[in-house]
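*Asks:* Chains as they are written, first to last, in this note's numbering: chain A, 86 to 438; chain B, 86 to 438. Think of the CB as a built atom: it goes at the ideal place given N, C-alpha and C, for glycine as much as any other residue. These figures come from a predicted structure and were not determined experimentally.
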DNA sequence: CTTCATATACTCAAGTGGAGTATATGATAG
DNA sequence: CTATCATATACTCCACTTGAGTATATGAAG
């Protein structure tokens with residue numbers, strides 16, 4: 086806010102806002118925030134996309150899963166990422182390979198859980214991809230299908246039941262409901278958001294909008310975390326609240342949603358899918374892994390053509406035999422593509438059925 | 086690190102790493118980090134891409150520009166983004182429109198400036214887009230061409246002189262130089278990185294790799310900030326150090342590099358370019374704005390076709406007359422595209438010349 | 001009124017991508 | 001041992017996109 090006093094001081098003392106900010110920055114007592122590092126570690130096991138979770142044993146009443154996490158300590162950790170790696174190894178025994186930062190969340194009130202008197206925490210979410218073979222040294226934590234937390238994202242067997250049965254009617258009701266606190270009542274915007282996020286009214290389902298959908302469900306009070314954080318829940322409006330996916334600790338489900346959206350987007354333009362594959366694989370196995378991440382089935386022949394013509398893979402010379410049919414050639418990732426400028430991803434479109 | 090003691094404690098006390106992390110999280114004395122909110126506010130003035138900077142008056146010896154910034158206070162700010170908006174308004178008088186989070190930087194030592202005894206700071210960078218008309222209420226700070234800080238990114242008049250004359254020979258030298266500290270000497274990787282980032286040896290220049298290029302120059306000790314942070318500078322190797330673009334305070338140039346890369350990528354798949362345009366504009370003005378951001382010239386006829394066929398704009402019915410030729414039809418942004426699912430960007434390819 | 005500069009329309013050929021059909025080859029059952 | 005099956009792999013086709021060129025419209029300036 087630009088107050089008169091501020092402007093006056095600025096022009097008379099010659100101290101700009103930026104300098105004031107700097108002065109505030111060197112005052113150590115201003116430091117009252119804590120940074121949490123959180124890892125969504127993703128793999129694919131038996132064509133199922135999974136994430137590494139750690140069960141919260143202390144809170145046995147409502148034992149919920151959470152992501153591996155820990156506070157960032159600028160003393161112990163040289164970088165944010167090295168801090169994350171240290172925490173994950175500490176908690177699970179797993180040494181991470183591919184890691185990328187997702188987003189930093191800082192909303193007040195989104196980190197609470199019952200009887201949690203922690204100070205304000207800013208969460209930095211990370212995405213890690215790993216191959217199951219590299220995860221043999223896992224000591225703690227367990228792999229859970231990510232659709233357990235987001236059942237409405239699982240379109241592998243067509244449109245999920247939970248969407249038509251539970252989610253869509255409640256969201257439609259929420260969109261129509263009068264907006265209370267905020268002055269400009271705008272039910273139109275709510276309706277539009279619902280339509281775009283969930284592809285209603287003939288709209289297409291965008292598999293990348295995982296976070297948008299979760300945030301909408303949170304705002305509408307339809308997920309457990311919203312109730313936990315003390316938001317007006319769906320039940321307070323006379324709508325029976327269903328259980329929409331398993332809840333997670335803190336804002337971990339939001340971080341996982343961001344992770345899923347990011348992977349789904351990224352495999353299309355960067356060859357990150359191979360972080361999830363063993364060294365040698367058949368093209369069909371590769372396709373199955375892509376489908377596990379993206380959802381719908383892909384056109385097999387075109388998938389092969391795209392992957393091969395993009396130079397993403399090269400044959401090993403071996404074949405894999407127990408496939409129940411003609412033996413499949415084994416391929417490996419052509420690491421050289423990383424050196425050939427815009428290293429592509431598996432640009433795939435689902436089959437229209 | 087998984088120490089024996091840790092494993093033992095885990096299995097015997099039943100306290101997992103995650104719980105330990107939680108306990109650490111509720112200890113307030115662990116909070117010794119500060120979060121800096123930084124804004125790269127971008128506009129286009131007279132076909133020149135500009136960024137809002139604030140000159141550091143106190144340090145008159147080496148007065149450097151910096152981005153608007155301020156510490157995040159969980160007491161005063163409800164969210165990270167609202168904290169950023171407050172700081173920017175406080176320091177510049179500008180109310181921001183479009184804002185998106187870029188990245189969170191936390192490397193130790195990248196935040197220092199001479200005689201700076203501040204505690205460890207984690208920087209969250211934000212990108213803001215604004216139209217010059219909305220920026221009339223600007224009270225502090227000034228617009229600077231972003232190419233002032235990144236002259237090697239300015240390909241509007243062909244390949245910049247500074248690349249062949251200054252940067253490329255020094256980077257080649259750096260790539261060949263023996264790596265000292267790290268055990269595995271791998272000059273190959275350095276060479277590859279240089280080749281990919283700067284499109285050497287027949288490689289294509291990727292206009293989105295702005296951050297990668299800056300990081301490489303920093304690592305090679307070729308930018309002022311590297312010297313300031315006490316890294317081995319190019320001059321210590323007997324190479325005369327040129328001035329590669331204007332330096333910025335703290336890690337602000339890194340944040341700006343991230344911002345430029347993000348805008349360049351994003352206008353291709355989201356209609357964010359219109360955040361930089363006035364309400365009414367001609368298609369040629371739109372093209373000029375896109376070219377200001379992206380660099381090379383676009384094919385005019387195809388640009389028009391793409392923009393119109395994607396339904397991004399609609400004619401206002403008016404024409405603009407002082408164009409020095411046939412009057413140009415005025416268009417406005419079709420806001421409805423935001424409601425039509427995958428809202429597209431201006432997918433453009435430069436003309437091959 | 002001529003010349004110019006710019007805006008706008010139209011055309012075309014090469015490339016890309018979705019989708020179908022045909023063939024190869026090992027596994028398995030009888 | 002052979003018929004049948006299931007899967008892998010190869011080839012073909014056609015619609016649509018897109019890069020790039022040419023032609024025309026129209027106001028401004030000399």
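#1: Three Cβ pairs or more, each shorter than 8 Å: is that satisfied between the stretch 412-420 of chain A and the stretch 372-387 of chain A?
#2: Is there a Cβ of chain A sitting closer than 7 Å to that of residue 165 of chain B, yes or no?
#3: Starting from residue 188 of chain A, find everything on chain B with Cβ-Cβ shorter than 7 Å and list it in chain order.
#4: Given that residue 192 of chain A touches chain B, what residues does it touch there, using C-beta distances under 7 Å?
#5: Does residue 164 of chain B come out as helix, strand or coil in the three-state DSSP assignment?
#6: What residue ranges within the stretch 242-291 of chain B form continuous alpha helix (DSSP H) runs of no fewer than 4 residues, ordered along the chain?
#7: Excluding the 5 residues flanking residue 308 of chain A on each side, which residues of the same chain have their C-beta closer than 8 Å to its C-beta?
#8: Listing by chain order, which chain B residues have their CB less than 8 Å from the CB of residue 136 of chain A?
#9: To the nearest angstrom, report how far apart residue 113 of chain A and residue 119 of chain B are at their CA atoms.
#10: Ignoring anything shorter than 3 residues, give me the beta strand (DSSP E) runs that lie fully in the stretch 169-218 of chain A, in order along the chain.
#11: Between the alpha carbons of residue 178 of chain A and residue 212 of chain A, how many angstroms are there, rounded?
#12: Would you please verify whether the beta carbon of residue 118 of chain A is less than 7 Å from any beta carbon of chain B?
#13: Assign residue 128 of chain B to one of three DSSP states: helix, strand, or coil.
#14: Can you find a CB in chain B that lies within less than 7 Å of the CB of residue 150 of chain A?
#15: Would you say residue 356 of chain A lies against chain B (beta-carbon separation less than 7 Å)?
#16: Of the residues that make up the stretch 235-269 of chain A, which ones have a beta carbon closer than 8 Å to any beta carbon in chain B?
#17: Go ahead and pull the three-state DSSP assignment for residue 139 of chain B.
#18: Can you confirm whether residue 301 of chain B, when its beta carbon is compared against all beta carbons of chain A, has any partner nearer than 7 Å?
#19: What would DSSP say about residue 120 of chain A, mapped onto helix, strand or coil?
#20: For residue 367 of chain B, name the three-state secondary structure that DSSP assigns.
#21: Just verifying my parser: in three-state terms, what is the DSSP assignment at residue 422 of chain B?
#22: Rounded to the nearest angstrom, what separates residue 258 of chain B and residue 347 of chain B at their Cα positions?
#23: Which stretch, first to last residue, makes up the beta strand (DSSP E) that contains residue 464 of chain B?
#24: What number of angstroms, rounded off, separates the C-alpha of residue 380 of chain A from the C-alpha of residue 431 of chain A?
#25: Whole-angstrom Cβ separation of residue 392 of chain B and residue 368 of chain B, contact assumed at under 8 Å?
#26: Between which two residues does the beta strand (DSSP E) carrying residue 155 of chain B extend?
#27: Exposed or buried, what is residue 394 of chain A when buried is set at 16 or more other beta-carbons lying within 10 Å of its beta-carbon?
#28: May I ask you to list, following chain order, the residues of the stretch 274-304 of chain A that have a beta carbon less than 8 Å from some beta carbon of chain B?
#29: Residues of chain B with CB under 7 Å from residue 223 of chain A, in chain order?
#30: Tell me which residues share the same chain as residue 227 of chain B and place their Cβ nearer than 7 Å to its Cβ, disregarding the 5 neighbours each side in the sequence.
#31: Applying a beta-carbon distance threshold of less than 8 Å, which residues of chain A neighbour residue 157 of chain B?
#32: Run through DSSP, which three-state label would residue 347 of chain B get?
#33: Drop a sphere of 10 angstroms on the beta-carbon of residue 170 of chain A, count the other beta-carbons inside from all chains shown, and report buried for 16 or more, exposed for fewer.
#34: Taking three-plus beta-carbon pairs below 8 Å as touching, is the stretch 243-261 of chain B in contact with the stretch 146-162 of chain B?
#35: Over the uninterrupted beta strand (DSSP E) stretch that includes residue 229 of chain A, give me the two end residues.
#36: With distance defined between alpha-carbon atoms, name the residue in A/279, A/256, A/238 and A/314 nearest to residue 292 of chain A.
*Replies:* Let me lay it out:
#1: no
#2: As a working mapping, residue 165 of chain B is identified with position 80 in the second chain. Taking Cβ atoms only, chain A reaches closer than 7 Å to residue 165 of chain B, which makes this a yes.
#3: In the first chain, counting from the first residue as 1, residue 188 of chain A sits at position 103. Under the 7 Å cutoff, chain B gives 186.
#4: Looking up residue 192 of chain A in the first chain gives position 107. Per Cβ cutoff of 7 Å: 164.
#5: Position 79 of the second chain holds residue 164 of chain B. In this structure, residue 164 of chain B counts as coil in the three-state DSSP scheme.
#6: 253-261 and 272-283
#7: Here residue 308 of chain A corresponds to residue number 223 of the first chain, with the count starting at 1. Counting only Cβ-Cβ distances below 8 Å, and skipping sequence neighbours, we find 299, 302, 329, 330, 332 and 338.
#8: On the first chain, position 51 is the one that residue 136 of chain A refers to. What residue 136 of chain A touches in chain B: nothing, since even the nearest Cβ is about 14 Å away.
#9: As a working mapping, residue 113 of chain A is identified with position 28 in the first chain. As a working mapping, residue 119 of chain B is identified with position 34 in the second chain. Residue confidence is low: residue 113 of chain A scores 41 on pLDDT, short of 50, so the model does not pin down where it sits. Its coordinate-derived value is still stated next. About 8 Å.
#10: 183-190 and 206-214
#11: If you number the first chain from 1, residue 178 of chain A lands on position 93. If you number the first chain from 1, residue 212 of chain A lands on position 127. Residue 178 of chain A and residue 212 of chain A: Cα-Cα distance of roughly 17 Å.
#12: Within the first chain, the letter at position 33 stands for residue 118 of chain A. By this cut-off, residue 118 of chain A is an interface position.
#13: Mapped onto the second chain, residue 128 of chain B falls at position 43. Strand, per DSSP.
#14: Here residue 150 of chain A refers to the residue found at position 65 of the first chain. Closer than 7 Å: no.
#15: As a first step, residue 356 of chain A must be located in the first chain, where it is residue number 271. Cβ-Cβ to chain B under 7 Å: no for residue 356 of chain A.
#16: none
#17: For this step, residue 139 of chain B is matched to residue 54 along the second chain. Reduced to three states, the DSSP call for residue 139 of chain B is strand.
#18: The residue you call residue 301 of chain B lines up with position 216 of the second chain. By this cut-off, residue 301 of chain B is not an interface position.
#19: Looking up residue 120 of chain A in the first chain gives position 35. DSSP places residue 120 of chain A in strand when its eight states are reduced to three.
#20: Along the second chain, one-based indexing puts residue 367 of chain B at 282. Residue 367 of chain B: strand per DSSP, three-state reduction.
#21: Residue numbering aside, residue 422 of chain B sits at position 337 when the second chain is read from its first letter. Of the three classes helix, strand and coil, the one that applies to residue 422 of chain B here is helix, per DSSP.
#22: In the second chain, residue 258 of chain B corresponds to position 173, counting from 1. In the second chain, residue 347 of chain B corresponds to position 262, counting from 1. C-alpha separation (whole angstroms): 30 Å.
#23: With chain B running from 86 to 438 in the structure shown, residue 464 of chain B is simply not present.
#24: Your numbering for residue 380 of chain A matches position 295 in the first chain. Your numbering for residue 431 of chain A matches position 346 in the first chain. For residue 380 of chain A and residue 431 of chain A, the distance between alpha carbons rounds to 14 Å.
#25: Here residue 392 of chain B refers to the residue found at position 307 when the second chain is read from its first residue. Here residue 368 of chain B refers to the residue found at position 283 when the second chain is read from its first residue. Yes, they are in contact, since the Cβ atoms of residue 392 of chain B and residue 368 of chain B sit about 7 Å apart, within 8 Å.
#26: The count along the second chain starts at 1 and reaches residue 155 of chain B at position 70. Looking at the DSSP string, the run of the beta strand (DSSP E) that includes residue 155 of chain B is 154-156.
#27: Position 309 of the first chain, counting from 1, holds the residue named residue 394 of chain A. By the 10 Å Cβ count, residue 394 of chain A comes out exposed.
#28: 277, 280, 281, 284, 288, 289 and 291
#29: Here residue 223 of chain A is taken as the residue at index 138 of the first chain, counted from 1. Simply none; closest approach about 12 Å.
#30: By one-based count along the second chain, residue 227 of chain B stands at place 142. Cβ neighbours of residue 227 of chain B beyond the five flanking positions: 138.
#31: Here the question's residue 157 of chain B lines up with position 72 in the second chain. By Cβ distance, chain A contributes 118, 191 and 207.
#32: Residue numbering aside, residue 347 of chain B sits at position 262 when the second chain is read from its first letter. Of the three classes helix, strand and coil, the one that applies to residue 347 of chain B here is helix, per DSSP.
#33: Residue 170 of chain A sits at position 85 when you count from the first residue of the first chain. Label assigned to residue 170 of chain A: buried.
#34: no
#35: Counting from one through the first chain, the residue named residue 229 of chain A turns up at place 144. Counting along the chain, the beta strand (DSSP E) containing residue 229 of chain A begins and ends at 227-230.
#36: Position 207 of the first chain, counting from 1, holds the residue named residue 292 of chain A. Looking at the Cα atoms, A/238 is the closest of the given residues.
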